[in-house]
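Student: Here it is, the structure, as structure tokens.
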Amino acid sequence: MLRILYMLYLWLFVVPVFVVLTILTALTVIVGCLLGGERIFAYYPGMIWSWLTCHLALCPVKVKGRENIDRKKSYVFVANHQGAFDIFLIYGFLGVPIKWVMKAGIAKIPFVGAACRAAGFIFVDNSTPKAAARSVLEAERSLKNGASVVVFPEGSRTYNGKMIRFKKGAYQMAADQHLQIVPITLNGPFDVLPIGSLNIHRHKMEMVIHPPIPTEGMDASHKGLQQMADKTQDIIASALWEQYK
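Our numbering puts the first residue of the sequence shown at 1134, with every later residue one more than the last.
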């Protein structure tokens, strides 16, 4: 009975409100950034949109480790990718202005794609090695401008809640720009909205922000970067709930 009531609440109230909020947020970002307010409009409208989405879905959120990051510094945040609600959890509750490294296909979503471009988010094109290299250069330009970036090193959402091996692109960026890497563990988004589903489930979510890892003196060879990727994956795994290990 509660599930039926929740589904009615979702489809009759949350979904229409979410669509309107998404369009309004996208337009606010586009106009604000075009008028020169990228520092404010590239982050805060999306942060509020994400925070509201989690609360509208009635999903309790717990954040651990905010004391590990300094808002005045730039970082490369790396997180496990459980589902679509990863975006809302990080964007709404991290508390640090960020830019996203995201799949090129998102640029085709009406309103959302234009807003992401206006905000200076980085679209990753893996169609060719040359296009992939260009995506990394764009991300590094954002880092040079003082932004922090968020990357999902798995490259795609999980199908079973378990992590797959991290790729090393994010670590190359961090090494090139001498920025600290901050691992983030996400728990719960897989149960809220797994890949391939449109049915949202009310479920608690948790974000664990681990201490930054310095990159000074890091081995930037292919082997060294993969070792760092494996190290951060182990750190993230250490805080996963048992069902995701």
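Yeah, the Cβ is synthetic: ideal placement off N, Cα and C, and Gly gets one too.
(1) To the nearest angstrom, how far is the alpha carbon of residue 1156 from that of residue 1236?
(2) Is residue 1332 helix, strand or coil by DSSP?
(3) On the three-state DSSP scale, how would you describe residue 1158?
(4) Using only alpha-carbon positions, find the residue among 1170, 1201, 1188 and 1159 that is nearest to residue 1179.
(5) Do residue 1233 and residue 1283 have their C-beta atoms closer together than 8 Å?
(6) Roughly how many angstroms separate the alpha carbons of residue 1344 and residue 1162, rounded to a whole number?
(7) So, residue 1326 versus residue 1217, is the Cβ gap smaller than 8 Å?
(8) Do the stretch 1171 to 1178 and the stretch 1198 to 1206 meet, that is, are 3 or more Cβ pairs less than 8 Å apart?
(9) Who are residue 1281's beta bridge partners in DSSP?
(10) Can you list, in chain order, the residues of its chain whose CB lies under 7 Å from that of residue 1324, leaving out five sequence neighbours each side?
(11) Is the beta carbon of residue 1290 less than 8 Å from the beta carbon of residue 1215?
(12) Give the C-beta separation of residue 1358 and residue 1305 to the nearest angstrom, bearing in mind that I take them to be a contact with Cβ-Cβ under 8 Å.
(13) Considering only the alpha carbon of each residue, which of 1193, 1303 and 1165 lies closest to residue 1252?
(14) Using the C-alpha atoms, what's the distance from residue 1299 back to residue 1366?
(15) In the DSSP assignment, what residue or residues form a beta bridge with residue 1319?
Tutor: In this structure, then:
(1) 20 Å
(2) coil
(3) helix
(4) 1159
(5) yes
(6) 31 Å
(7) yes
(8) no
(9) 1231
(10) 1334 and 1336
(11) yes
(12) 6 Å
(13) 1165
(14) 7 Å
(15) 1340
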